[in-house]
Amino acid sequence: MSGTALDPTTAPKFQVAAKALIGDSQLRKNVRHATKVIQTKRAKVVGEMPDWEDLRESGMQIRQHTMRHLDYYLEQFERNCRAAGGEVHWARNAEEARQIVVGIVQASGAEGKSPTEVIKIKSMTTEEIQLNKALEAAGIHAYETDLAELIIQLGHDQPSHIVVPALHKNRSQIREIFRREMKLPGVDFSNLGGTPQDLADAARRFLREKFLRVKTAVSGANFLIAETGGVCIVESEGNGRMCLTLPETLISVAGIDKVVPTFQDLEVMLQLLPRSATGERMNPYNSIWTGVDKVSPDGPRAFHVVLMDNARTEILADEEARQTLNCIRCGACQNACPVYQQTGGHAYGSVYAGPIGAILTPQLMEMHHAQSLPYASSLCGACYEVCPVKINIPEVLIHLRNKVVKQQSAGLKLLVNPEVMALKAVALVFRSEGVFRVSQKLGRLGELALSRKDGQGVGWIEWLPGMLGGWTRVRDLRVMPKQTFRQWFEQRGKDAPGRRAGDAVEKADGDGR
Amino acid sequence: MGAEVVAEGAREEVLRRIRAAIGEGSLADAAEIRGEWQALPRNYKRTASLERAAILEMLEDRLRDYDASVVRVKAGEVGAEIARVLAGRGKRRMVAPKGLAEAIGESLPAGFEFVVDDGLTVAELDTFEGVVTASTVAIAETGTIVLQNVPGQGRRAPTLIPDYHLCVVRAEDVVETVPEAMARLAGTAQLATTFVSGPSATADIEMTRIKGVHGPRFLDVILTE
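Each protein sequence line maps, in turn, to chains X and B.
In the working numbering, each residue carries its 1-based index in the first sequence increased by 1008.
In the working numbering, each residue carries its 1-based index in the second sequence increased by 14.
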């Protein structure tokens, strides 16, 4: 994967990108291993919670309630955060959010001089708006401080998972990146060891100097607490705490969907999120802070929250898709998805990969881009089963497929859309028994020329013409049985008059494979 | 501030879009919204189901699961236990929040240097071998210790920069579940609050949990009865 940002407006279709990535056997191995480990851990810690389904139900209802009154809770959050000494900014879109953040960073330096560096906590929202690029253009270098994000940044790579962004890399690949890219005066990283512990130690040395020196930090937010004006960030390594505590200026960029009504509601979210995300009973660190501490000097003296829409209100307006906004970014659906497990995250062409990405990304693009993503699913429902806030992802996928088709058929595309034409033809065939029978016969005739018998005398079709070839390109198709169900049903009892119908069914079952 | 000029009218525009999207939901008043929130189902476990002794055992077990070490002592033995643990770790020069002795109810042991954090700089904090604090609440089910910016626990930076954290937890502050802990914290929700569940860790490399990245790599807990 190159350093080109994952941008849904320019990304290739999922089916095209996925085909290329499936050829990378190392990547597939890494992704399969990581998703399997997280899934096993999650299943264990979820299994020890007899009230898990009650937590999910409450989680979903809290999120639904919040969305129903989103204006109220955002204004309440704004009021309380301001009262506690925080500043709240609003952004209609990514461009405005970037400009606001760059502006605050530039003004945060001593003596009116813009800092040239910031430290950053992993934040998918800032990835979504490609903030680092904008900072770089303004002469400000952002150091990613989460271990995985550091691996991505130093490797000129792109995140492939919302919780474990470098899950597609294994230890020896990471070692190579660190040896090549880590530069720190007085420290030689070229003879770095290859165990995960060695690599984490290297990251500790490399970043510690930045934590102690850089005075401006940028973060996302897991939860904004309307009732108190507080912000909650959930993390593991302590890099989050470093960025939230040591700098003089902190800027948190949050989608408007990140608000929860009360402090008490965290009792649900802080049980659902760690168990779903990393398979831990609780992640090592949760930080909750409110504005700036005026009594004792604890943490930054300037704190800014940027509340960003960036098409979230479009999703809110679509009642069937609104549940997309319930997402708390745990990544459980990615780990559980049989499609993601094969392709990894980059095929989705967006920082939001996997099932949640397949519904979130096209909607964040107001359905103008990423139209292939709602089809990047077999609709098996594994994502829905593990979702801690019960987002019915398959339902939303179907809804979005419908939107895509409608959008395409609004133009002339309808006339040449093969799927629409094929489905119309199928509808025609199913409508009349006679036509159905004739087409079954025609099918048997047609396949004769294409079939070939294997050693056991079973017929197979290895190639189909035209668009049907999509099926046989990756698998062989068995020829149709000699007799249809209808023919068998009409024949039953005629061959062996003494038998009852039930016997025939048993026999047929025994034959079926 | 430049940022306000950049996104002029954004606040009104975003709120307008939200109200248009949610329709009648935006017409509800505060009392109605409060009532709706109160009626949300909360059938999950919100109270303890175990005996006290079992809750303490569970906390010990869960902390050890995170590679933290735990010792139990009776009241009056905390100071001596701090001395024993620090000596065992070979630590001598420690940072301590204001009001630590009062918080643990005993004086700090002799033979060690306890420097009170009176606004120490980041660079100064980086010179200590460790930190000793009390705690607000501990959650048995998740092995979590909650720290707040109060006497005996102090600012967040001192429990972050030194590589070692010794934390004193009082048995009466231990609850079984997350909801019980949030209820105890509700009154002081605005204070800077940190949930600590074991030493800093990562699983970013091949999902292998590695102890200690940026926060303290070692956590010892003294549980007092």
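The C-beta atom is built at its ideal place from N, Cα and C for all residues, glycine as well.
DSSP bridge partner residues for residue i (one or two, in chain order)
i: B:Q162; result: B:T207
i: X:S1244; result: DSSP output for X:S1244 lists no bridge partner at all.
i: B:L180; result: B:V146 and B:D234
i: X:K1461; result: X:G1467
i: B:R107; result: B:E127
i: X:K1534; result: What is shown of chain X runs 1009 to 1521, which leaves residue 1534 of chain X out entirely.
i: X:T1298; result: X:G1238
i: B:A152; result: B:I159 and B:V188
i: B:T141; result: Beta-bridge pairing links B:T141 to no other residue.
i: X:L1258; result: X:A1225 and X:F1311
i: X:V1268; result: X:I1233
Secondary structure of residue i, DSSP reduced to three states
i: X:W1479; result: helix
i: X:W1471; result: coil
i: B:L54; result: coil
i: B:A215; result: strand
i: X:G1263; result: strand
i: X:H1073; result: helix
i: B:M15; result: At B:M15 the pLDDT is 46, less than 50, meaning the model places this residue with poor confidence and gives no usable figure here.
i: X:M1009; result: The predicted position of X:M1009 is uncertain, since its pLDDT is 44 and thus under 50; a value taken from the coordinates is nonetheless stated next. Of the three classes helix, strand and coil, the one that applies to X:M1009 here is coil, per DSSP.
i: X:N1140; result: helix
i: X:H1176; result: coil
i: X:L1029; result: helix
i: X:N1318; result: coil
i: X:L1485; result: strand
i: X:H1312; result: strand
i: B:F128; result: strand
i: X:H1169; result: coil
i: X:F1231; result: strand
i: X:G1238; result: strand
i: X:R1500; result: coil
i: X:Y1151; result: strand
i: X:I1406; result: helix
i: B:A191; result: Looking at the sequence shown, residue 191 of chain B is not Ala but Thr. In the structure shown, B:T191 sits in coil (DSSP, three-state: anything other than H, G, I, E or B).
i: X:Y1383; result: helix
i: X:T1017; result: coil
i: X:V1397; result: coil
i: X:K1121; result: coil
i: X:I1367; result: helix
i: B:K225; result: strand
i: X:Y1293; result: strand
i: X:V1195; result: strand
i: X:T1043; result: helix
i: B:V99; result: helix
i: B:M196; result: helix
i: X:M1429; result: helix
i: X:L1158; result: helix
i: X:L1281; result: helix
i: X:A1329; result: coil
i: X:K1490; result: coil
i: X:A1211; result: helix
Exposure label - residue i; buried when at least 16 CB within 10 Å
i: X:G1510; result: Confidence at X:G1510 is low in this model, with a pLDDT of 47, below 50, so its placement is unreliable and no value can be given for it.
i: B:D234; result: buried
i: B:L237; result: buried
i: B:A53; result: exposed
i: X:D1462; result: exposed
i: X:A1457; result: exposed
i: X:W1098; result: buried
i: X:F1231; result: buried
i: B:P111; result: buried
i: X:A1142; result: buried
i: X:H1169; result: buried
i: B:N163; result: buried
i: X:L1450; result: exposed
i: X:I1075; result: Rather than Ile, the amino acid found at residue 1075 of chain X in this sequence is Met. Burial call: buried.
Presumed contact (8 angstroms Cβ cut-off) between residue i and residue j, rounded CB distance
i: X:I1185; j: X:I1159; result: 6 angstroms
i: X:Y1293; j: B:T208; result: 7 angstroms
i: X:A1361; j: X:Q1342; result: 6 angstroms
i: X:M1488; j: X:E1455; result: 6 angstroms
i: X:G1478; j: X:W1471; result: No, X:G1478 and X:W1471 are not in contact; Cβ-Cβ is about 12 angstroms, not under 8 angstroms.
Checklist line | Whole beta strand (DSSP E) elements within the stretch 27-97 of chain B, 3-residue minimum | finding: Counting whole runs of 3 or more residues, the stretch 27-97 of chain B contains the beta strand (DSSP E) stretches 83-87.
Those runs of the alpha helix (DSSP H) which lie wholly inside the stretch 1068-1113 of chain X and span at least 4 residues: 1078-1091
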